[in-house]
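Asks:
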Amino acid sequence: METPRSVTRRRPVRVPAILAALALAVAACGGGTPATSQTASGTPAASATAAASQGSGEPVEIEWFVGLGTGENEEQIPVEEAVVAAFNESQDGIELILTVVDNTEASDTLATRIAAGDAPDIIGPIGIRGLQSFGDQLLDLSPYIGSVDLSEIDQALIDVYKVDGKQIGIPMAVYPSFFYYNKTLFDEAELAYPPHEVGEQYEGKDWTWDTVRELAKQLTVDGAGNDATSADFNADDIVQYGLDAQFTENDARAWATIFGGSGSAVADDGTTAQWPDNWREGLQYMYDGIWTDQFIPNQTAVQALADGNTFQSGRIAMDVVHQWYTCCVYPGEGEPQVTDWDIAVLPEGPDGKITSKLHADTIGIMDTTENPEQAFEALSFLTRSPELIQIWGAMPAIESQRADFFAGLDDRFAPLEIDWNVSTQMLAYPDNPSHEAFMPNFPEADSANKDLGSKIWTTPDLDLDAEIDAHVELLQGIFDSN
Amino acid sequence: MSLSSGTVGQIPAVAPPRTRRGGTPHGRRESLTGLLFVAPFIVGFIIFSALPMGASLLLSLTDFDPRAPDEIRFIGLANYAEMASDPVLRESLWVTVRFGLIAVPLTLGFALAVAILVNSKLLVGRNVFRTLFYMPIQIPIVASTLVWIGVLHATTGWLNLGLDAVGIDGPNWLQSPTWVGPALALMGLWGIGNMMLIFLAGLQSVPTELYDAAKVDGAGSLASFRHVTLPMISPVLFYNLIIALIGAFQYFTQAYVVSNGRGDPDRATLFFNLHLYREAFGFFNMGYASALAWLLFAIVLGLTIVLFRTAGSWVFSGGER
Amino acid sequence: MSATAAQARALSATGPLGAQMRRFGAVAGVTLLAVTIVSAFLMPLAYMVATAFKDQSQLTTVGAPLYPAARETFTYEGKELDVYDVPTPDGGVHAWALLEPHREDALFIDPANPAAGPILWEGRWRTLQQHWTFSLRIENFTNAWDTIAFPRLFFNTVAIATLSTLGAVLSAICVAYGFSRFRFPGRNGLFMLMVATIILPFQVTLIPSYAVYLSLGWVGTWLPLIVPHFFSNAYNVFLLRQYFLTIPRELDEAAMIDGAGPFRILRSVIVPQAKPAIVAVTLFHFFWAWNEYFLPLIYLQGQPDAQPLAVGLARFNALYSQEPTLIQAAAIMAMALPVVVFFLAQRAFMRGVVFGGVEK
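Residue numbers (my numbering), protein chains in the order written: chain A, 1069 to 1550; chain B, 81 to 401; chain C, 1361 to 1720.
(1) Any chance you could list the beta strand (DSSP E) runs of at least 3 consecutive residues sitting entirely within the segment 1417-1446 of chain C, in chain order?
(2) I want to see whether chain A comes within less than 8 Å of Arg342 (chain B), judged by CB atoms only; does it?
(3) For Glu1464 (chain C), collect the residues of the same chain with a Cβ closer than 8 Å to its Cβ; drop the 5 residues on either side in sequence, then sort them by chain order.
(4) Applying a beta-carbon distance threshold of less than 9 Å, which residues of chain A neighbour Tyr1659 (chain C)?
(5) List the residues of chain C that Val204 (chain B) touches, going by C-beta distances under 9 Å, in chain order.
(6) Name the residues in the segment 1288-1310 of chain A whose C-beta lies less than 9 Å from a C-beta of chain C; which are they?
(7) Below 8 Å on the Cβ atoms is my guess for His1503 (chain A) versus Lys1425 (chain A); work out the distance and round it to an integer in Å.
(8) Consult DSSP for Gly1578 (chain C) and reduce its assignment to one of helix, strand or coil.
(9) In angstroms, rounded to a whole number, what distance separates the CA positions of Thr1039 (chain A) and Asp1160 (chain A)?
(10) Count the other CB atoms, across all protein chains shown, that sit within 10 Å of the CB of Ala1538 (chain A); report buried if there are 16 or more and exposed otherwise.
(11) Please check if any C-beta of chain C sits within less than 8 Å of the C-beta of Leu1166 (chain A).
(12) Mind checking who Thr1430 (chain A) pairs with in its DSSP beta bridge?
(13) Taking the beta carbon of Gly1272 (chain A) as the centre, do at least 16 other beta carbons fall within 10 Å, making it buried, or is it exposed?
(14) If you reduce the DSSP assignment to three classes, tell me which class Leu1560 (chain C) lands in.
(15) Report yes if the C-beta distance between Ile1559 (chain C) and Val1631 (chain C) is below 8 Å; otherwise report no.
(16) Return yes when the Cβ of Leu269 (chain B) is within less than 8 Å of the Cβ of Val338 (chain B), no when it is not.
(17) Taking C-beta pairs closer than 9 Å, name the residues in chain C that Leu356 (chain B) reaches, listed in chain order.
(18) At the 8 Å Cβ level, is Leu1574 (chain C) part of the contact set with chain A, yes or no?
(19) Buried or exposed: Ile221 (chain B), going by 16 or more other Cβ atoms within 10 Å of its Cβ?
(20) Would Ile1326 (chain A) be called buried (16 or more neighbouring beta carbons within 10 Å of its own) or exposed?
(21) For Glu359 (chain B), is the classification buried or exposed, using 16 other Cβ atoms within 10 angstroms of its Cβ as the cut-off for buried?
(22) Going straight from the alpha carbon of Ile424 (chain B) to that of Arg153 (chain B), what length do you get?
(23) Can you look up Leu1206 (chain A) in the DSSP assignment and give me helix, strand or coil?
(24) Measure the C-alpha to C-alpha separation of Ser129 (chain B) and Ala335 (chain B) and round it to an integer number of angstroms.
(25) How about Gln1205 (chain A) and Ile1182 (chain A): are their beta carbons less than 8 Å apart?
(26) Any beta-carbon of chain B closer than 8 Å to the one on Leu1550 (chain C)?
(27) In chain C, what lies closer than 7 Å to Arg1480 (chain A) by C-beta?
(28) Using three-state DSSP, classify Ala135 (chain B) as helix, strand or coil.
(29) Put Met1616 (chain C) into one of helix, strand or coil per three-state DSSP.
(30) Rounding to the nearest angstrom, what Cα-Cα distance links Ala1691 (chain C) and Val1443 (chain C) in this structure?
(31) May I ask you to list, following chain order, the residues of the segment 207-238 of chain B that have a beta carbon less than 8 Å from some beta carbon of chain A?
(32) Looking at the C-beta of Arg1512 (chain C), does it have a partner C-beta in chain A at a distance below 8 Å?
(33) How many Å lie between Pro1262 (chain A) and Met1494 (chain A) at the Cα?
(34) Which residues of chain B have a Cβ atom closer than 7 Å to the Cβ of Asn1677 (chain C), listed in chain order?
(35) For the pair the segment 1130-1139 of chain A and the segment 1155-1170 of chain A, tell me if three or more CB-CB distances fall below 8 Å.
(36) Please work out which residues of its chain come closer than 7 Å, Cβ to Cβ, to Asp297 (chain B), disregarding the five sequence neighbours upstream and downstream, and give them in chain order.
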């Protein structure tokens, strides 16, 4: 019988203050129970471990925790392992350890470990939304950042990671959003492809969401071959949808931003809840698209389409997704359903502007780390590793690295020739403020937005305006309870 | 085993008459022996359970945020006071109780029926049937929840395709507030394996001669079920009831998976533990979540004690004293 | 059986043969009932098996059969074309390959005569029947096997489950014996305390428990998954206690008269009498440990080589790249051993215990 692989953590274990306090309290409350002796023997044991681990001349262990964003896909893990191995080969002083946790459990796991005093050193890739949950626990990198050349990175992007005067991240990757479109479905309908250049018209019409609606209806088809513009169209038997915005996880802010443009659920005073008019219009567009014109799949339909990866099913003509979707447009297994696709620019919204909601990723260092310098060294190595950027589908924040990045994608998708120029153009139209920006009492407010999204996605015949009014009231309550 | 032979020597050859009170030398020895046997539990409780349980009780008096353990503040009973004004709490208790009232009797009844079926001498291939009925709970949870999401899908799920074939328009099981409860109960029926196994073990303890005697007395199979089987398996029935009750109040995993972790649709699956989980790890209100946990603890422990109190009147025990 | 049936037909349906007939009828009836219930009960399992053998693309293709199948294709100028049944105005139906679909017409190739070039067909291709052939995708199993280092994880799972079961069963027998056969002060209180340990939701004890194991230096090892079970758990003890209570005390007392001490009584009276319950506890603890997901995930994170199968499987369930076919294939492989173990072990429930099986 083999004993379990014992991996004692060599770096000092911070016995959490809470545990000590509790031990005392339990001892006091427990009176004469044997608990007293137990807790008394437990604490010295832990400090002995900590003491034993400090004196040795072994390399410092730095743990990198992956799972809060992308990076946990089955085909991404081997690449991450290889980069970690390469870093460990490259020097002697630091041993980098990779921890990959399934996305569903990543946040719980990380919170548990922070609470127990066992936080990892490096976390990421982590997006703007993730920063709302764990940003306060990240280390200010300003003292270490001197060695890094930031001149090539857009200042606005650097500022995204400036929280309460702390620079908690270096912009590593940006992911603009745009249309992925299935050329096969356009060919079948004998329709022209959507525009690849900002300002270009579509068949003599301005490229707006109204134009997209008309196009998407023609690309929504039932089992008998009628499209959504036909009187014979059977909405109970739709086999192909014109439009989707997949992987938005019911987030009403994301949907409002895609179809309505930039906005915020918090007024400028930072405490008043609101839902701007362009966001109302945006949600209304989406709602009508799902339930009236039916060119956008509802939740039930989405689950039938490749478990949410809808574009992959080959039954979505146009899909608003981010650059990172290059991770998942070919699955690891089986025959691809989408054989011929390209990307197109987003249309003008109701506010008269193009808005390409932007995701951005960074890697951060937890402020509890015992070895910030070594952690930063490892972090710099990771941010410079093109393999990681490639496998995460992340457009480098550093402009000069982008040509290589797109060349790598071209190799991967050959013989398709994807017009990456679309992606670069869309980068100029980010949502500002971000659809993942701060709200007071963030986790609860964010959850409330998803409840609204869920309702929109699953419930026909809603009075959407009334729902939004009620939602603003709900948000206000959540903001106030902060 | 040397211990046992050592003890043997000290036991009198002839058992003394049963004593109802301790205090005699024999009673003291009996106490010691008993404590020796339950010692593993006592030791394990002290090491592994007492501290976490005590900690959660203390945390319920704080505003503990797991992300910022150092900023913990003692806030007295504020968390318990907050419960009074938490509408979601009432909603989630109601969702849980309503589900328990349906699911507990349903699964107990079905598990018992299946156990009797696969215990029947009239069944050809009992081994195979037992294995087949047990199989679902051997499926890893990641896989089985995906299977159910697939099977219960409104348009492509096999259940509705089957209903369609016989002319019934199946509901949107997982996205309709009305039907998600029955859907979860259906999923629960699939997991009867352990209950069935325990009933099966209980059925083995019914002495065959009791059935013979009942037959001689002219009892039909229904009467012998009522007067022989039920009383004789009442101890394991009691066990299954208690465990099912605790399970119903802790109902979480399936609800989490089918509801996107949020109690969808429209809070119809916001079970008590899902509410607790969201407070603890979704909103990082671990202090309040701990208070919720102790509320649940009080409710379930209360119910359990009541059941134990009533047990004397209906649970058969041949060997207790 | 057929001989019996023939004889039964030849003779009148009364007397001993009539009873035999009735018995045969009852056997057939009960078995038929069981078959009916089990088929409905296992429908989701059939779905699972079918999924495990499908190509991922089949899951989302309109009109695909429910069984695992491959699209029939014809390769024309380097492109794989799907084959459909195409009716033509002359009343014939042809198996043609779809070259270029349009809304109201389509170009087809006749696989029997590709040299003839594209055939223009008027009509809607979506209304045509596509050709599928039964085909099992075995690669799902081999790919899943390779991706999660199946043998390694399998070994981990067996080791963790076996060790934890060993501890759980031995300790549960002892503790349950103590609770059911001896009187000592505070017995009922202790028992309720034990039941109470499973009432408090694990979500709120997770962090303190993690802190305890961390201070013991056990995080990152199998110990948190194994050692606590050596100190018994309420589910197992409670069940065994309930069962021990049904064993008549006369049996203990008879053994005591013969000079047996408590350990011997446990070993030679209680354990043999309680065999079905002990087997039940062993099985359900083993299978529980086999499929335990959350605790191994928490305590073995970052150590894919030390994890059990249940955690490894989740790799196919990433948020943005779900692979249901691989999950189900891996799940089937993961449950193969437990199913065999159960099949062999349930013999313990075959014979009813005879009252007073031990000599009085």
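C-beta: ideal position from N, C-alpha, C; glycine also.
Replies: A quick look at the data gives this:
(1) 1429-1431 and 1433-1436
(2) Counted from its first residue, the second sequence places residue 342 (chain B) at position 262. So yes, Arg342 (chain B) belongs to the interface.
(3) Taking the first residue of the third sequence as position 1, residue 1464 (chain C) is located at position 104. Around Glu1464 (chain C): Glu1482, Gly1483 and Arg1484.
(4) The sequence position of residue 1659 (chain C) within the third sequence is 299, counting from 1. Ordered by position in chain A, no residue passes the 9 Å Cβ test against Tyr1659 (chain C), which lies about 10 Å from the chain.
(5) Reading the second sequence from its first residue, position 124 is the one you call residue 204 (chain B). Near Val204 (chain B) (Cβ distances below 9 Å), the residues of chain C are Val1387, Ala1388, Val1390, Thr1391 and Ala1394.
(6) Val1289, Asp1290, Gly1291, Ala1292, Gly1293, Asn1294, Asp1295, Val1307 and Gln1308
(7) As a first step, residue 1503 (chain A) must be located in the first sequence, where it is residue number 435. As a first step, residue 1425 (chain A) must be located in the first sequence, where it is residue number 357. Correct: roughly 5 Å between the Cβ atoms.
(8) By one-based count along the third sequence, residue 1578 (chain C) stands at place 218. Contrary to the premise, residue 1578 (chain C) reads as Trp rather than Gly in this sequence. Correct three-state label for Trp1578 (chain C): coil.
(9) The structure shown does not extend to residue 1039 (chain A), since chain A spans only 1069 to 1550, so no value can be given for it.
(10) Position 470 of the first sequence holds residue 1538 (chain A). Classification for Ala1538 (chain A): exposed.
(11) The residue labelled residue 1166 (chain A) in the question sits at position 98 within the first sequence. So, interface residue.
(12) As a first step, residue 1430 (chain A) must be located in the first sequence, where it is residue number 362. For Thr1430 (chain A), which the question treats as bridged, DSSP gives the partners A:Ile1194.
(13) Locating residue 1272 (chain A) in the first sequence gives position 204, counting from the first residue. Gly1272 (chain A) should be labelled exposed.
(14) Your numbering for residue 1560 (chain C) matches position 200 in the third sequence. Correct three-state label for Leu1560 (chain C): coil.
(15) As a working note, residue 1559 (chain C) is residue 199 in the third sequence. As a working note, residue 1631 (chain C) is residue 271 in the third sequence. No, these two residues do not count as a Cβ contact at 8 Å.
(16) In the second sequence, counting from the first residue as 1, residue 338 (chain B) sits at position 258. In the second sequence, counting from the first residue as 1, residue 269 (chain B) sits at position 189. Contact flag unset, no.
(17) As a position in the second sequence, residue 356 (chain B) is number 276, starting the count at 1. Here the neighbours are Pro1561, Gln1563 and Val1564.
(18) Sequence index remark: in the third sequence, residue 1574 (chain C) carries index 214 (1-based). Cβ-Cβ to chain A under 8 Å: yes for Leu1574 (chain C).
(19) Here residue 221 (chain B) refers to the residue found at position 141 when the second sequence is read from its first residue. Buried: at least 16 other Cβ atoms inside 10 Å.
(20) Taking the first sequence and counting its residues from 1, the one referred to as residue 1326 (chain A) is at position 258. Looking at its Cβ environment, which holds 16 or more other Cβ atoms inside 10 Å, Ile1326 (chain A) is buried.
(21) What you label residue 359 (chain B) is simply residue 279 of the second sequence in a count that begins at 1. So Glu359 (chain B) counts as buried.
(22) Shown here, chain B extends from 81 to 401; a query on residue 424 (chain B) therefore has no answer.
(23) Residue 1206 (chain A) sits at position 138 when you count from the first residue of the first sequence. Looking at Leu1206 (chain A) - three-state DSSP - the assignment turns out to be strand.
(24) Within the second sequence, residue 129 (chain B) is the residue found at index 49, counting from 1. Within the second sequence, residue 335 (chain B) is the residue found at index 255, counting from 1. Computed Cα separation, rounded: 26 Å.
(25) In the first sequence, residue 1205 (chain A) corresponds to position 137, counting from 1. In the first sequence, residue 1182 (chain A) corresponds to position 114, counting from 1. Yes, they are a contact pair.
(26) For this step, residue 1550 (chain C) is matched to residue 190 along the third sequence. Yes, Leu1550 (chain C) counts as interfacial toward chain B.
(27) If you number the first sequence from 1, residue 1480 (chain A) lands on position 412. None at all; the shortest Cβ gap to chain C is about 15 Å.
(28) As a first step, residue 135 (chain B) is located in the second sequence; it is residue number 55 there, counting from the start. Residue state, collapsed to three classes: helix.
(29) Here the question's residue 1616 (chain C) lines up with position 256 in the third sequence. Correct three-state label for Met1616 (chain C): helix.
(30) For this step, residue 1691 (chain C) is matched to residue 331 along the third sequence. For this step, residue 1443 (chain C) is matched to residue 83 along the third sequence. Cα-Cα distance, rounded: 33 Å.
(31) Ile229, His233, Ala234, Thr235 and Thr236
(32) Residue mapping note: residue 1512 (chain C) aligns to position 152 of the third sequence, counting from 1. Cβ-Cβ to chain A under 8 Å: no for Arg1512 (chain C).
(33) The residue labelled residue 1262 (chain A) in the question sits at position 194 within the first sequence. The residue labelled residue 1494 (chain A) in the question sits at position 426 within the first sequence. C-alpha separation (whole angstroms): 15 Å.
(34) Sequence index remark: in the third sequence, residue 1677 (chain C) carries index 317 (1-based). Under the 7 Å cutoff, chain B gives Val222.
(35) yes
(36) Position 217 of the second sequence, counted from the first residue, corresponds to residue 297 (chain B). So the list is empty, once near-sequence residues are dropped.
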